[in-house]
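One line per chain: the protein sequences are R and Z, in this order. Taking UniProt numbering, I'd label the letters of the first sequence as residues 1 to 201. Taking UniProt numbering, I'd label the letters of the second sequence as residues 1 to 201. Below is one structure; the comments refer to it alone.
Number of protein chains: 2
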Amino acid sequence: MRKAKAAETRAALLEAARRLFAERGFLNTKITDIAAAAGRSAGSFYEHFADREELLGALLAEMEDSADREVARAGHPREHDLTDRDQLREHLRIAWSVFREHRAVMVALFQSRVGAGPGDGRAWDDLTSETAVFRHHLEYLRERGHRLPGDPELVAAAMGAMLGMLGYSMLTRAEPVGDDTVVDTLTDLLLYGLAGPAGTP
Amino acid sequence: MRKAKAAETRAALLEAARRLFAERGFLNTKITDIAAAAGRSAGSFYEHFADREELLGALLAEMEDSADREVARAGHPREHDLTDRDQLREHLRIAWSVFREHRAVMVALFQSRVGAGPGDGRAWDDLTSETAVFRHHLEYLRERGHRLPGDPELVAAAMGAMLGMLGYSMLTRAEPVGDDTVVDTLTDLLLYGLAGPAGTP
DNA sequence: GTCTATATAGAGATAGAC
DNA sequence: GTCTATCTCTATATAGAC
Numbered sequence: 001m002r003k004a005k006a007a008e009t010r011a012a013l014l015e016a017a018r019r020l021f022a023e024r025g026f027l028n029t030k031i032t033d034i035a036a037a038a039g040r041s042a043g044s045f046y047e048h049f050a051d052r053e054e055l056l057g058a059l060l061a062e063m064e065d066s067a068d069r070e071v072a073r074a075g076h077p078r079e080h081d082l083t084d085r086d087q088l089r090e091h092l093r094i095a096w097s098v099f100r101e102h103r104a105v106m107v108a109l110f111q112s113r114v115g116a117g118p119g120d121g122r123a124w125d126d127l128t129s130e131t132a133v134f135r136h137h138l139e140y141l142r143e144r145g146h147r148l149p150g151d152p153e154l155v156a157a158a159m160g161a162m163l164g165m166l167g168y169s170m171l172t173r174a175e176p177v178g179d180d181t182v183v184d185t186l187t188d189l190l191l192y193g194l195a196g197p198a199g200t201p
Numbered sequence: 001m002r003k004a005k006a007a008e009t010r011a012a013l014l015e016a017a018r019r020l021f022a023e024r025g026f027l028n029t030k031i032t033d034i035a036a037a038a039g040r041s042a043g044s045f046y047e048h049f050a051d052r053e054e055l056l057g058a059l060l061a062e063m064e065d066s067a068d069r070e071v072a073r074a075g076h077p078r079e080h081d082l083t084d085r086d087q088l089r090e091h092l093r094i095a096w097s098v099f100r101e102h103r104a105v106m107v108a109l110f111q112s113r114v115g116a117g118p119g120d121g122r123a124w125d126d127l128t129s130e131t132a133v134f135r136h137h138l139e140y141l142r143e144r145g146h147r148l149p150g151d152p153e154l155v156a157a158a159m160g161a162m163l164g165m166l167g168y169s170m171l172t173r174a175e176p177v178g179d180d181t182v183v184d185t186l187t188d189l190l191l192y193g194l195a196g197p198a199g200t201p
């Protein structure tokens, strides 16, 4: 079975790439490294992917599937109330757990995007499109008369920036971090800010 | 005067690098590009800098000087109260204006660090050391009995992550952004959170 | 499909003349 | 100090045998 063999090679390449991306990152991982780690030749790589970016795209698709499944499990109507502590926390918890579970892809994506350079404002476009969920929830709040700190798109982007950068920084450390602690802290910071809930000393 | 001529070349290289970093970023700017843009030869570059990183270090030093001056102008005792809106806002305003003024250096630094890869947890170290000022102020608050959303180091890092990533994303767009609006929004978000100040509908 | 071998190109870095 | 010329290395990508 040729097909089975080919699929096996493809899977091996993806798996090897995932491991190497997590270890040394995307930019420092060469195509020859991936092929070698998968026990295949460099030439064989190109039978499956046009280049490194395409392989990253495949990994990203896997990650999105898995993230969608995790979100779907909980359900996610637009009417979520992000000023409800439990609901906000659940959003942050899921984001953080996806980061952790797909650390390699996250690191690679982060590197690939930042590495592409400033030129075209792609960083902003990516940030807004990936925080669209937050934005929708915030718009919903605003429609209901709640006063937000600012424009929903900007606030959503700020939340995403915090999550993304903190995730990259913390999840590329050697020492593991207490996920619950992080999620709790971010929840309280985003919900009540530094001042804390009403009546805090 | 040989010295004067050399200093001139050095300055020209720095200036060219600054321009190119802002346009296409650090990783996409080759040493030969910098030399050419400065009207010098590639060989001459090495008379002044050992490599691209060293040049970036020189730009960074300039930026830090300028930032220190801006901070010093206002004074910055440890006893700042970040739960005071004006004081928090002033901190954010200064950070944002430094980003804007030294966009090229910021972009380059960001790229250089992310590009270095996950390996050694450098991202976390950099983030914590650069948010040390926030941390100190937060520790001061905690000592005075104020209840924070979490560990001062973590909260400070989260604030810095938000600022840094949002700054990178927004300041690498083509369309300019209203700085005051951004600073106001971040101030309110960090001070009172999504829930808003006590008594908000 | 997979391999080995190789063409090609880019960029860092240095040697030596001026 | 600066330039031109060049060496060297690395990585992408392809050609052709099996």
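Every residue gets a Cβ at the ideal spot worked out from N, C-alpha and C, and that includes glycine. In this text the structure is predicted, and so the values were computed from the model without any measurement.
Problem set entry | Distance between M106 (chain Z) and D68 (chain R) (C-alpha atoms, nearest Å) | 34 Å
Problem set entry | V98 (chain R) at chain Z interface by Cβ criterion, 8 Å | no
For this session: Evaluate contact between the stretch 132–147 of chain R and the stretch 156–169 of chain Z, counting only Cβ atoms and requiring at least three cross-stretch pairs below 8 Å.
Result: no
For this session: Output the distance between the C-alpha atoms of T32 (chain R) and A123 (chain R), rounded to the nearest integer angstrom.
Result: A direct Cα-to-Cα measurement between T32 (chain R) and A123 (chain R) gives close to 29 Å.
For this session: Mind listing the chain Z neighbours of Q87 (chain R)? Cutoff is C-beta to C-beta under 8 Å, in chain order.
Result: Result: empty, since nearest Cβ-Cβ is about 11 Å, beyond 8 Å.
For this session: Scan the stretch 99–119 of chain R for residues whose Cβ lies nearer than 7 Å to a Cβ of chain Z and list them as they occur along the chain.
Result: V107, F110, Q111, V114, G115, G117, P118, G119
Exercise. Hey, how far is the Cα of L55 (chain Z) from the Cα of F99 (chain Z)?
Worked result: 19 Å
Problem set entry | W96 (chain R) vs V182 (chain R) beta-carbon contact at 8 Å | yes
Exercise. Does the distance from the C-beta atom of G115 (chain Z) to that of L27 (chain Z) stay below 8 Å?
Worked result: Yes, Cβ-Cβ distance for G115 (chain Z) and L27 (chain Z) is below 8 Å.
Exercise. Mind checking whether I34 (chain Z) and A17 (chain Z) have CB atoms under 8 Å apart?
Worked result: Cβ atoms of I34 (chain Z) and A17 (chain Z): closer than 8 Å.
Exercise. So which residues of chain Z does M165 (chain R) contact, with C-beta pairs closer than 7 Å?
Worked result: Simply A161, G164, M165.
For this session: Please determine, among R:K30, R:D84, R:M165, R:A37, the residue with the shortest C-alpha to C-alpha distance to E53 (chain R).
Result: R:K30
Exercise. Does the beta carbon of D184 (chain R) sit closer than 8 Å to a beta carbon anywhere in chain Z?
Worked result: yes
Exercise. Given that a residue counts as buried once 16 or more other Cβ atoms are within 10 Å of its Cβ, and exposed if not, what is R10 (chain R)?
Worked result: buried
Problem set entry | S169 (chain R) at chain Z interface by Cβ criterion, 8 Å | For S169 (chain R), the nearest CB of chain Z lies under 8 Å from its own CB, placing it at the interface with that chain.
Exercise. Of all Cβ atoms in chain Z, is any one closer than 8 Å to the Cβ of D33 (chain R)?
Worked result: With its beta carbon at least 8 Å from every one in chain Z, D33 (chain R) lies outside the interface.
Exercise. Pairing CB atoms from the stretch 76–89 of chain Z with CB atoms from the stretch 134–154 of chain Z, are three or more of them under 8 Å?
Worked result: yes
Exercise. In chain order, what residues of the stretch 121–140 of chain Z put their CB closer than 9 Å to some CB of chain R?
Worked result: G121, R122, A123, W124, D125, D126, L127, T128, L138
For this session: Using a Cβ-Cβ cut-off of less than 8 Å, list which residues of the stretch 63–94 of chain R approach chain Z; keep chain order.
Result: Of all residues in the stretch 63–94 of chain R, L82, T83, L88 have a Cβ within less than 8 Å of some Cβ in chain Z.
Problem set entry | Residues near T128 (chain Z) in its chain [Cβ-Cβ closer than 7 Å; skip 5 each side] | E153, A157
Problem set entry | Spatial neighbours of A42 (chain Z) in its chain, beta-carbon cut-off 7 Å, leaving aside the 5 residues before and after | I31, T32, A35
Problem set entry | Given G167 (chain R) as reference, the closest of Z:F49, Z:G121, Z:R40 once Cα atoms are compared | Z:G121
For this session: Give every residue of the same chain whose Cβ lies closer than 7 Å to the Cβ of R173 (chain Z), excluding the five residues on either side of it in the sequence, and list them in chain order.
Result: So no residue of the chain qualifies.
Problem set entry | 3-residue-minimum beta strand (DSSP E) runs that sit fully inside the UniProt domain "HTH tetR-type" (7–67) of chain R, ordered along the chain | none
Exercise. Span of the alpha helix (DSSP H) holding D184 (chain Z)?
Worked result: 179–192
For this session: With a 10 Å radius around its C-beta and 16 neighbouring C-beta atoms as the bar for buried, classify A22 (chain R) as buried or exposed.
Result: Of the other Cβ atoms in all chains shown, 16 or more fall within 10 Å of the Cβ of A22 (chain R); this residue is therefore buried.
Problem set entry | Residue closest to L88 (chain Z), alpha-carbon to alpha-carbon, out of Z:L186, Z:L194, Z:P197 | Z:L186
For this session: Give the straight-line distance between the Cα atoms of A72 (chain R) and G119 (chain Z), rounded to the nearest whole angstrom.
Result: 33 Å
Problem set entry | Partner residues on chain Z for residue 202 (chain R), Cβ-Cβ distance less than 7 Å | The first residue shown for chain R is 1 and the last is 201, placing residue 202 (chain R) beyond what the model contains.
Problem set entry | Continuous alpha helix (DSSP H) stretch holding G167 (chain R): start and end | 152–171
Problem set entry | Sequence-distant residues of the same chain with beta carbon closer than 7 Å to G178 (chain Z), five excluded per side | Closer than 7 Å at the Cβ level, and outside the excluded window around G178 (chain Z), lies no residue.
For this session: Kindly indicate which three-state DSSP category E175 (chain R) falls into: helix, strand or coil?
Result: Of the three classes helix, strand and coil, the one that applies to E175 (chain R) here is coil, per DSSP.
Exercise. Do you know whose CA, among R:G25, R:H48, R:A38, lies nearest R113 (chain Z)'s CA?
Worked result: Minimum Cα distance to R113 (chain Z) is reached at R:G25.
Problem set entry | Chain-order list of residues whose beta-carbon lies under 7 Å from that of R40 (chain Z) (same chain, five-residue window excluded) | Excluding residues within five positions, the ones whose Cβ falls inside 7 Å are T9, A12, L13.
Exercise. Nearest to A61 (chain R) by CA position, among R:P149, R:L109, R:E175, R:H146, is which residue?
Worked result: That would be R:L109, whose Cα lies nearest to the Cα of A61 (chain R).
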